[in-house]
Every structure is written in structure tokens, then in C-alpha cells.
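The opening residue of the sequence shown carries number 1080 in our numbering; numbering runs sequentially from there. Don't be surprised by glycine CBs; every beta carbon is placed ideally from N, CA and C. Here the structure comes first, spelled out in C-alpha cells, and everything after it is commentary.
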Amino acid sequence: MLETVQEKINFPEEEEKILKFWNEINAFVEAQKLSKGRPAYSFYDGPPFATGLPHYGHILAGTIKDIVTRYAYQNGFHVERRFGWDCHGLPVEYEIDKRNGFKGPEDIEKLGVANYNKLCRDIVMQYSQQWEFIVNRIGRWIDFRNDYKTMYPSFMESVWWAFSELWNKGLVYRGVKVMPYSTACCTPLSNFESGQNYKDVIDPAVVVKFRSVHDPNLYFLAWTTTPWTLPSNLALCVNPSMIYVKLKEQSTDHVYIMMESRIESFLKKDSETSYSTRTETYEVIEKFKGETLYGLKYIPLFPYFQDLTKCFMVLTDNYVTSESGTGVVHQAPYFGEDDLRICLQYGLVTKDQEPVCPVNSVGHFVAPVTHFEGKYVKDADKDILKHLKNENKIFSVGNVNHKYPFCWRSETPLIYRAIPSWFIRVEHMTKNLLEANDSTYWVPEFVKEKRFANWLRDARDWAISRNRYWGTPIPLWVSEDFKEIVCVGSIAELERLTGTKVTDLHKESVDHLTIPSRNPKNPPLRRVPEVFDCWFESGSMPYAQIHYPFENYNQFHQQFPADFIAEGIDQTRGWFYTLLVVSTALFNKAPFKNLIVNGLVLASDGQKMSKSKKNFPDPMELINKYGADALRLYLIDSPVVRADKLRFREEGVRDVLKNVFLPWYNAYRFFVQNVEIMNSVHKDITLIFDDEKFSPINLMDKWILSCLQSLNVFVRKEMAAYRLYTVVPRLVKFIDDLTNWYVRMNRKRLKGDTTLDDCKSALSCLGCVLSTMIRLMAPFTPFLTELMYKNLNVFTKREERSIHFVPMPQARTELINETIENSVSVMQTVIDLGRVIRDRKTIPFKCPLKEAVVILKTQKDLISLIEPERYIYEELNVKTITFSLDKDKYGLSLKVEPDHKTLGPRLKSKAKKITDAIKVLTESQIKDLQNNGQIVIEDEIILISEVNISLKFSTDECKKEIYETNFANDVLLLMDISLDDSMKSEGIAREIISRVQKLRKKAGLVPTDEIDVYMLAENLNSELHKIIISYKEFMENLLKVKLYIEEPAKTKTMIIQDVQKVKGIEDCNIKIYITKIGTATNNLAQPSCRFLNISLWGLQPGINVNSTFGTILLENPVGENLIKFEQLVEEVQNLFEISEEILLKTSDGKNLTQNLLKDLENTTIIAVPKFAKFKLEEWMFSNIIPRHMNIKQDGRSGTILLENPIGNQFNFTTDQISQITAEIFR
């Protein structure tokens, strides 16, 4: 049964009803059942951590995934959508450490690993219910019941298998490398993890003096921003091929060595060989290449490692540059990657020696660094500098503002530290990784070609071990000397090797298990203490989520690689990378075919969204205010889907509601309303249509269906290319065509003012458009399309219970008629040009004009306007239209003027010469400028945006006064704006007709109500009175009522009366009276609730609103739910379906405010455009009481409006009245 569509809609409330409906029919499960047996479309969902609530980045990625997978489903695929959870790793452990005050491994070992992991297990899913609620609330369909978790034993076993495959291929090794290290989390991080969170920081920038062993006056000047590494210094390094100098300090005779090109960064240059500071002068006494410094020895800064006699010498390497520092780099090999490489190369340290690393796992100095023992390294910087200053080992101290890596979990500074780790060999795979990457398709492509490919080219071996507890243990059992190693690849293998039943794979379950050595005399093998980096787990999810290869072997190989994945741009160094590395190492192919990369969602000020700063709206509050569909469409129609940044604005979500959803909803409501009217008049008629078979006859029907099918083709093309962001702009354009052109120009047909067959055809066409639209848009806006489907299916009679079970419509290309689309496009251009001319000359639309001349470029364009000519007549309101191809016949030529404000500042001294040249461009040159968008003058490119092109009359001065011109897109329009008396009079008569019609609407009258209209000019000698008399018959014919030019007798039943000004008449008002039969709304009793009548002036209501007069209840029930001023403004905008800003005015001309509202009731106020100037007249504030019903319950009183705005009747049933009453008194 067709349901009446209410004028007001609360989108979030309707979405809640749709969610309830989906739950009732178990929609997602049912959808999956219906698609069983179809071809598979495989999708991997990247697992988030459930230790925090979802933010806009998660909602964005979830929306992208939902749109693509819904679209695939509705195109005939079976799409398995399983939610995944990242359960292990730093986020969980850091939360536990923070809650319990654990400072390091000692605290955890004291508690016990089993107890610690139990704490982790207990909180890992603490937010899972909130996640499920929010994911469901945004309309995403995904399987939470059949999810995967990285802590499931089945998942962990597949991770073991993947690792064992890499081990068997010789891709795993143990080594000591300098790596980014989190002192807060006590674990190394991979290079891509450390690159995720750089921050601007201020660090000390110190130049240290290293004294030569052989010459007590000779010093090497080395620059560093990490003073805490100086106690571990073992060498200095210079560039062998660059020029270095000796600088002699005049006051002390000390000589300092540094790179020549870096001197001026520290000293002022006085001459070619002389430099100075405020207190000292330095002279260059020698120049030489850096290679001459090799092997020179210096005295250690600190005594801690002075027994390492091979050390404390100058080395050379090309990694030293002239871009920063002094050109002398201090080397602490166990705190710098290049430092270690160079010191190993020169034999200062060896791979198997005890590391020179006097810093413990939490970043505190330990013995032998006695001066700073127990201090956190970053905090020790100032003490180290003080110590060195006291020993006169500092040349200069300053600060540097630079980017520094921070731990992505704890937000603490990382340090670089050498630690033993397990690595996967990646560097040798670069070629294979790049080839695998080339086989994939990314949106946008530049992320793949630039950012990701560059990262792959520089790929380092991947440190996959973490010195933590809550994670998948690395399945290596080793001897004490690491000469015997067993890699376990399954639970069954571990049970066989240990003789123990295994049910869980976490540390507490496997660390006590031993494997006998091959040599019976040796102790048994024990598992290494490390666990996997959680990125290795998520990178293994294609296999582990289905327990491959232990189960689902054929399923995996049928659906691998995945058809689609999507995540944020930060995952180019995260999940996208680890997926590709593991897959390429295992199968030498990429694990996915198509990928969408989204950018970052920032706060409106461009800063990172921060809970502490409260610089963004809460997602759920926003959804409860505007609805999930609006948020989805706002995110998709933004730069963020092209991997750019989005400054999130709540106003943007609101604008989607106003500019997209409300017009779309109003077109749907207009359709249903007019079907109901047709059904009430023609009770034997039932409207049924098939949007896959309907064939149009009318020109505008053909046009809108052609546009619709063109939209269908476009959507399919763009979705096949995964370009989601291009769809919404085309949708908005189509909705504009539908509401502002098709519906407006076919109102008479749709409302049944032509013939019944024509009305049925127009309604069928509009119904087909709406039905096809909701199928196209279902993946994007799942709630609104479901809402419309439930009603539209009354006409289409589909079997599917949900729009999301219905296949995507195939494009009916036979309906695409480019000729008609071009024809209407030209027609729209002509009409738009005419509207601009009327606005420019302030000529009301109701005032007819003599002639319009349409000058076109080709005969084809001229022929194309033959059929839509009648629409041009109606929309331009002209007596005659002349079509021509001859611009010269009307003495028209193009002229161009330079935009001095733009060109002047850019061209400077050349401006006058070039602007003079622009003014004398020939017609052909101007046309070239139009076609090419630019022209070259005096070797300068002048853009079309930097000039103003217009038309001029080259002959006949009379035409300049008669015609107003406008042009666009090869269409020229001339309109004769000269008005004779008859045309002015007809325009005024039409204006009077409009005033009568508006009064009918205000009075709540419908066309079938029998009325008489009386009117009289206040001044019987005025021009207005003459026009009323002359056009009496004309007005009667259009109004379809009896018109009397007199005041009504007192015996008449007055329905409504008003005194109004008429446009074009300055000296006289008109009095209008509507009397006689019909429901006179003035006879109604007052509503029980306080109310305000709202009268629109200077504002055009939406297409579904047939009145400019409505009512807002200020309370309901009496004394409850009092409305505030901000709510009143929003209620007025919603009531009349207007989006522009408004002012509310009281009868004394004041702007309504919250204070004034307190004392205002049961009267009329007017709503006007915010920036319009209105002279308020008393007659504008006529007071009408709408049809209503006063209700009472348990001593409380309320009001139900039976129409609103006046004339928009609700026709509630008894059940509906009962339901509304219950809602009012709840």
C-alpha cells in the first residue's frame, strides 16, 4: 500500500527505522544467502585495534569499503565481508603498562607472563561493542559474527606457516642492527613504523671540540643534535673528497678543523681568509681534502671506553655532506645506522663483540657511564653539555627546529639503538616487489607510482621481532649458541616435536616447551623470547583469516589475490607494504588487484583531530544530527578520496542534506503526492510502471530518461575504475536537472492539468527515474534509498524485500539520445541567458516582452530548438522568438576588455602596452581566445579569465536601447526590453493573478473550492484601476473564478482579505477579497498551544510546498517542549523547504530574537531573505488560523496541525491521529 510522504523528514530518525527493518529481516545474512553460488568478489578488511573508538578516518575507510562491496554485490557477485581485529602488539600492551604503572620488563616478569597476557586478553576487545554499533550505524554491512582475530590460535598457526615458508626459503636471519627504538614500549620498531609519526621539535645543536692526540692545540669540530650519544663516541668521520680547513683562533692559537663550505653557518666572514664571532677572530691557515685526515687520532671525550685502542680516529665516507653541521660527524656505532656501517667497515668494532651500548631497555644510562647513570637519555642532554662545558670541550651551543620521529603508540621520542633482532630479507626482493606493484591498480595512481614505488625501491630488511609478550611467538627453537635452530610451522609439528598437546600458541603456552637437540649430549632447544611484529600478522591476514593452508585450500587459491582493498594513505608504509612483502615472498605476486587510498581527515583548522583540543564534532553526535547518509556522501565527495587532505567541516555535512537529499526527497514526495491526487480523482486507475521497459513519448520525458541513462553509463564506468569521487558531482547535477528543470517544466502534466494519459505518462516517467536512481545510489546512500524503495516498489512490484537485494540497473542505451540532450542543453542556455537579462534590467518574469532573438552557431543547433521552442516561450515570457544564424544582421560583434586588477600586478611595466593591445583584438582573435582559453601578446600568455568578453552593437544606435544582450556557449540572446503600455499592463495583471493565488493558498483553499474574488484599487482614478477593468476577462480565464471589481457585500462570507502593493504600481494599493463557499479557516477555534504564523516574503518555497503561509507550534503539549529561537529558524526553513539564510520580522519591523520570542504568540511574523531590503506594510501580517485539532489526555492539552503550510493537508487516518497523540503525550 502506498504510504503518504510527509513534508518534513528527520533523516536520522528514518535511518533508525531502516536499521530496525534490516534487523527484523536479518538483511545482511539474507543477502549473503541470496548470493550463494554467484561468482566471488574477494575483499580483505584491514584489521583495526579495538583499544579505542572509531574516528572519522575509520568511518571514511569503512564507507569506501561498503560502497565498493555493495556495488559488487548488486552487480551479481557474492561478496564475503568479514570484519577483522588486530589484537596483539603495542597498543594493547601500552594500555596495560599505563594502567598498572609498569615501567619495564622487570615489572612484567615479576607479575608473570601468563598473568600479563591475561590482562591484555581481557581488554583487547573492550570497545568491540561500540565498534560494531558505530559500523552498523553508518550503514556498513559486514560480518561481525564470523570475524577474524589475530589472537585466534587458527590465525596464529597460519602466521607460523607463513614464517616457516620464509625460513625454508632462507629469507630469515638474526642480526644486530641499529633500529628505531621505543623506550616507552621497550621494543624496536620497523623503519615504516618509525616513519608514521614525525613531529617538529627543538633539540640542542652543539659543536664539540675533539682534541688531537698528537697536537694539543689541534681540535676537530663535530656537530650533533643528540648530545646523549657523545658518551658512546668511538670515531669521527669526514668526506674524503670535500675541502676542509684549519682555522686558527687568534686569542688562543687553538686550531680547529672543519669543512670549508660550512664555516659561514657558524662564523661571520670578514674576508677570503678571515672569520669572526663577537669575541673572537679566526684565520684560515691551511686547506686540504678530507682524505688527508684519515687515521688521525683524538682524545676520547669521556673515559668510559678508552680501552678500545682501535677507536678514536678519523674515518672517511661519502655519506658526510655539506648540507648541515661542520662536515665532521661524530660516530656512536651502536646508536646510528651509518655509524655502525662505517665502524664495521674500518674494523673499529666487530659483529660478534659486546655492543658499546650503555643504555638499557627503558632508555636510561647504565655503567660504565657513571656521570649520568640512571638518567633518561633525552633528559641527560643538558647534564652532558654542562659536563663538557666545564671541561672546555664545547665550541658553540644552539638549538635546531627539525622533524624527529616519535613512537606511534606512546607519543614519546624514539632513539636509534643497536639490538639483536630477527629479520626478513627484503632488499634483494626490490625488483620482484616493484613488478608485483606494477600488476596492481591504485586510485589515485600517483600514490602507487610515486610514494609507494619509491618506498619499495628503498626497502630495507624487515625487523619482525619484538621484545614483548602479548603477540604471536616467533616459532624458532634454538640452542644456546644458535648453531642449531628448528623452525616450527604448525601446531601438529610442535606437538610431534615436543610430545605435548597444544591448544594455544601464546608465550605462556609454548615458552616452557622444549625440543630435543639432534645431539643427545646437548641441552634441549628452547624458543627464542621474541614475538612477531603485529604488522607481520596483519600482513599475513589473507592466509590466516581462513586458516590457510590447514583449511580452505581451494577457496583461498580461487579468491587470491583479492579483488579489492582500501585504507588510508598512512598504510603505504604499513599494511599495504607488509601485505605485498609477505605475498611476494610467498607467491611472487601481489595479494590484491585494486586498491583505493584515502587521505587524512583533519580538523577544520587544518590541524590533526584531537580529543584534548576538542577541534572536531563527535561522529555519533553528527550522525544523530544529520544522518549517516549525509556523512557518507560528504566524505566521498571530497578530496580525501583522492588521497588528499580534508578539513572536516560540519557545515559540509549539513549542505549535503540541504543541497542533495532534500531536493531528491522533495521530488520523490512530489511524485507520491500527485499519484495520490490522481488516485483520489480517478479511483479506477492504478499506476504501475517498469523502469526497465518504460518508453517515453514526450520530449522532456525523453530528455530526463536520456540523462538518467547517461548517468547510469557514467556511474558504471567510474565505479569500474574505482573513482568514487566523480559520482557525487554528477548525481547533484542530475538532481538539479530533475527538480529545477524536469519537474518544474512538467508540473501541469504531473498534477493532471493536461490529459489523464499525459498525467499517467509523466508520473510513470518520474517514477522510473526515481526507481532507477535509488538502485544506482543504493551503495552510496543505503538508508535514503531503502526508505524510497519501500514506497516505490508499490509501482514496480519487485519481489526483493530490500533495495540492497535488487540488481544494479543495466544502462538502457537505447534511451540515450544525445541529440535531445544537446537540444535541451541549448534550450537551458537560452532560458538561463534570458533570466540573467531580466535580473540585470529588473524586469519581472510576469511582465511579457515583445521579442527574443536567439542567434546560434550552426544549423544543427537551430533545428534542435524546434521541438523545445514552446518551453522557451513559456520560460522567457515573450510574444515572439526569432531564431537566426546571422549575428552580423543584428549589428553584433564581440568586444574584449582587460581585467586591470588581475593583469596590472602581474604584468607590471608591460601592463599598459598589453592591455591596449587587448582592447583592439579582432573578432577572429577574440574567437581564438574563447576556443583556446588563452592568447599570446608581447610574449605574455593572457588567460581568458584575465579578460571580460561581451557583445556590442556596431551599428544602429536604436538597437542599443531596445535590445539587451547576453551570450554563453555559442548562444547569443537579444531581448527587446522596450515595454509598451499593453505589455506593462499585462505584466501587472499577471502580478495581480499571482497575488490572488497566494491568498488562496494562505486561506487553505484548493482548486475545487468554489469562491468569488473581489478586487478594487484604492484609488479609482489610478492606472491600476484601469488595468483591473481592462484585464478582468483575462484574469478570470486564468484564475478560473468569477471576478468582481467592487467590495463584497457584508452578507458575503469572507474567507480572506488583504491589501497589497503591486509591482510596477507605485501610487496605489490593491484590495483583494476572497469570499463565499469553502472552508473559511478564519472560523476555526484557536489552537490550545501557543503558535506563530509564518508568512514568506521574497522567498520561494520548495517544489512540494504550495503555500507561503504556515504555522509553527511554540510548544506541544501546552507548557512543554518549548521551542527556542534557533529551532524556530530551522523549523521555518524545513517547513517551506528553503535552504537560504533568513530573518524573521515582527509586525513592528524588529528582527525576532530569543528575548522577543518569549513574549510573542498567536500572531503572524514574516520570513525574508537575510540580506534583502524590505519595506514592511501592515497588510503583510494577515493572520490565518490553520486547520487543526486540539487534544487532551490526563489533564494535558496539545494540538495536531491538520495542514501545514496552509493548503498542504495531511488527511490523517484515525490510526495516525492516535499515533501522533501518543507521541505528543509520551
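| query | Can you give the Cα-Cα distance for Trp1782 and Asn1758, rounded to whole angstroms? | reply | As a working mapping, residue 1782 is identified with position 703 in the sequence shown. As a working mapping, residue 1758 is identified with position 679 in the sequence shown. One C-alpha to the other measures close to 27 Å.
| Whose CA, out of Arg1216, Ser1785 and Met1230, lies closest to the CA of Lys1197? | As a first step, residue 1197 is located in the sequence shown; it is residue number 118 there, counting from the start. Lys1197 has its Cα closest to that of Met1230, out of Arg1216, Ser1785 and Met1230.
| Is the Cβ-Cβ distance between Arg1504 and Leu1250 less than 8 Å? | Here residue 1504 is taken as the residue at index 425 of the sequence shown, counted from 1. Here residue 1250 is taken as the residue at index 171 of the sequence shown, counted from 1. Yes, they are a contact pair.
| task | On a CA-only basis, which of Asp1649, Phe2188 and Ala1110 is nearest Leu1679? Give me that one, please. | result | The residue given as residue 1679 occupies position 600 in the sequence shown. Of Asp1649, Phe2188 and Ala1110, the residue nearest in Cα terms is Asp1649.
| said: Spatial neighbours of Asp1396 within its chain, please: C-beta separation below 6 Å, excluding the five flanking residues on both sides. | reply: Here residue 1396 refers to the residue found at position 317 when the sequence shown is read from its first residue. Same-chain partners within the cutoff: Cys1316 and Ile1421.
| query | What runs of the beta strand (DSSP E), each 3 residues or longer, lie entirely inside the stretch 1667 to 1719? | reply | 1671 to 1677
| task | Would you kindly check if the distance between the Cβ of Val1441 and the Cβ of Gly1183 is under 8 Å? | result | As a first step, residue 1183 must be located in the sequence shown, where it is residue number 104. As a first step, residue 1441 must be located in the sequence shown, where it is residue number 362. Yes.
| request: Answer yes or no: do Leu1313 and Cys1436 have a C-beta to C-beta separation smaller than 8 Å? | output: In the sequence shown, residue 1313 corresponds to position 234, counting from 1. In the sequence shown, residue 1436 corresponds to position 357, counting from 1. The answer is no: Cβ separation not under 8 Å.
| request: Using 10 angstroms around the beta-carbon of Pro1603, count the other beta-carbons present and answer buried if the total reaches 16, otherwise exposed. | output: Mapped onto the sequence shown, residue 1603 falls at position 524. Exposed: under 16 other Cβ atoms inside 10 Å.
| task | Let me know the secondary structure DSSP gives Thr2158 once reduced to three states. | result | If you number the sequence shown from 1, residue 2158 lands on position 1079. Legend: pLDDT at Thr2158 = 38, less than 50; position of this residue unreliable, value from coordinates given subsequently. Three-state DSSP puts Thr2158 in coil, outside helix and strand.
| So, Ile2263 versus Lys2081, is the Cβ gap smaller than 8 Å? | Indexing the sequence shown from 1 puts residue 2263 at position 1184. Indexing the sequence shown from 1 puts residue 2081 at position 1002. Yes, the pair counts as a contact, with Cβ atoms nearer than the cut-off.
| said: What residue range does the beta strand (DSSP E) around Glu1646 cover? | reply: For the purposes of this step, residue 1646 is taken as the residue at position 567 of the sequence shown. Note, Glu1646: beta strand (DSSP E), Ala1641 to Gly1647.
| query | Going by other Cβ atoms of all chains shown within 10 Å of its Cβ, with 16 needed for buried, is His1507 buried or exposed? | reply | Along the sequence shown, one-based indexing puts residue 1507 at 428. The residue is exposed, with fewer than 16 neighbouring Cβ atoms inside 10 Å.
| Spatial distance of Ile2108 from Val1794 (CA atoms) | Here residue 2108 is taken as the residue at index 1029 of the sequence shown, counted from 1. Here residue 1794 is taken as the residue at index 715 of the sequence shown, counted from 1. Distance between the alpha carbons of Ile2108 and Val1794 is about 57 Å.
| query | Does the Cβ of Asn2162 have 16 or more other Cβ atoms within 10 Å, making it buried, or fewer, making it exposed? | reply | Within the sequence shown, the letter at position 1083 stands for residue 2162. Per-residue confidence for Asn2162 stands at a pLDDT of 49, beneath the threshold of 50, marking its modelled position as unreliable; the derived number appears in the next sentence. The residue is exposed, with fewer than 16 neighbouring Cβ atoms inside 10 Å.
| query | Helix, strand or coil: how does DSSP classify Pro1184 here? | reply | By one-based count along the sequence shown, residue 1184 stands at place 105. Of the three classes helix, strand and coil, the one that applies to Pro1184 here is helix, per DSSP.
| Under three-state DSSP, which class holds Arg1219? | Start at 1 with the first residue of the sequence shown, and residue 1219 comes out as number 140. Coil at Arg1219, not helix or strand.
| What's the C-alpha gap between Pro1640 and Leu2052? | In the sequence shown, residue 1640 corresponds to position 561, counting from 1. In the sequence shown, residue 2052 corresponds to position 973, counting from 1. So the two alpha carbons sit approximately 58 Å from each other.
| query | By the 10 Å Cβ neighbour count, where 16 or more other Cβ atoms means buried, how is Tyr1632 classified, buried or exposed? | reply | Taking the first residue of the sequence shown as 1, we reach residue 1632 at position 553. Label assigned to Tyr1632: exposed.
| task | State the Cα-Cα distance for the pair Lys1687 and Pro1698, rounded to the nearest angstrom. | result | By 1-based counting over the sequence shown, the position of residue 1687 is 608. By 1-based counting over the sequence shown, the position of residue 1698 is 619. In a straight line, the C-alpha of Lys1687 is about 15 Å away from that of Pro1698.
| field | Extent of the continuous beta strand (DSSP E) run through Cys1316 | value | Stepping through the sequence shown from its first residue, residue 1316 is reached at position 237. That run of the beta strand (DSSP E) goes Ala1314 to Val1317.
| task | Can you say whether Asp1235 is buried or exposed, counting buried as having 16 or more other CB atoms within 10 angstroms of its CB? | result | By one-based count along the sequence shown, residue 1235 stands at place 156. Note on identity: in this sequence residue 1235 is Met, with Asp being the wrong assignment. Answer is buried; the Cβ neighbour count reaches 16.
| Any contact of the stretch 2203 to 2219 with the stretch 2169 to 2186, i.e. 3+ C-beta pairs under 8 Å? | yes
| task | Report buried or exposed for Cys2037, applying the criterion of at least 16 other Cβ atoms within 10 angstroms of its Cβ. | result | Position 958 of the sequence shown holds residue 2037. For Cys2037, the predicted model reports a pLDDT of 46, less than 50, meaning its position is unreliable; a value from the coordinates is still stated below. Cys2037 is exposed by the Cβ-count criterion.
| query | Regarding Trp1240 and the ligand FMN, is the C-beta to nearest heavy atom distance less than 7 Å? | reply | The ligand content of the structure shown is nil, which means the ligand FMN is not present either.
| field | Residue from Leu1849, Arg1880 and Ser2101 with nearest C-alpha to Leu1113 | value | Indexing the sequence shown from 1 puts residue 1113 at position 34. It is Arg1880.
| Can you give the Cα-Cα distance for Arg1539 and Glu1172, rounded to whole angstroms? | Residue 1539 sits at position 460 when you count from the first residue of the sequence shown. Residue 1172 sits at position 93 when you count from the first residue of the sequence shown. For Arg1539 and Glu1172, the distance between alpha carbons rounds to 27 Å.
| query | Given Phe1884, which residues of its chain have a CB within under 7 Å of its CB, disregarding the five upstream and five downstream residues? | reply | By one-based count along the sequence shown, residue 1884 stands at place 805. Here the set comprises Ala1110 and Leu1113.
| message | Using DSSP's beta-bridge definition, name the partner residues of Cys1566. | response | Reading the sequence shown from its first residue, position 487 is the one you call residue 1566. Its beta-bridge partners are Leu1555.
| request: Starting from the C-beta of Glu2210, find all residues in its chain whose C-beta is less than 6 Å away, skip the five residues before and the five after it, and write them out in chain order. | output: By 1-based counting over the sequence shown, the position of residue 2210 is 1131. Closer than 6 Å at the Cβ level, and outside the excluded window around Glu2210, lie Ile2191.
| Can you name the residues that DSSP bridges to Met1338? | For the purposes of this step, residue 1338 is identified with residue 259 of the sequence shown, where counting begins at 1. Beta-bridge pairing links Met1338 to Tyr1323.
| query | For the beta strand (DSSP E) that Asp1411 lies in, which residues bound it at each end? | reply | Position 332 of the sequence shown, counted from the first residue, corresponds to residue 1411. Rather than Asp, the amino acid found at residue 1411 in this sequence is Ala. Unbroken run through Ala1411: none, as it is neither H nor E.
| field | Own chain residues within Cβ distance below 8 Å of Glu1095, not counting five before or after | value | The residue given as residue 1095 occupies position 16 in the sequence shown. Closer than 8 Å at the Cβ level, and outside the excluded window around Glu1095, lies no residue.
| Rounded distance between the beta-carbons of Asn1753 and Ala1842, thought under 8 Å | As a working note, residue 1842 is residue 763 in the sequence shown. As a working note, residue 1753 is residue 674 in the sequence shown. This sequence places Leu at residue 1842; Ala is not what is there. The pair is a contact, with the Cβ atoms about 6 Å apart (cut-off 8 Å).
| If we ignore side chains and look at the alpha-carbon of each, how far apart do Asp1770 and Leu2223 end up? | Taking the sequence shown and counting its residues from 1, the one referred to as residue 1770 is at position 691. Taking the sequence shown and counting its residues from 1, the one referred to as residue 2223 is at position 1144. Straight-line Cα distance between these residues: approximately 44 Å.
| For Ile1951 and Arg1823, the rounded distance between their alpha carbons | As a first step, residue 1823 is located in the sequence shown; it is residue number 744 there, counting from the start. As a first step, residue 1951 is located in the sequence shown; it is residue number 872 there, counting from the start. Each residue's Cα considered, the two are about 13 Å apart.
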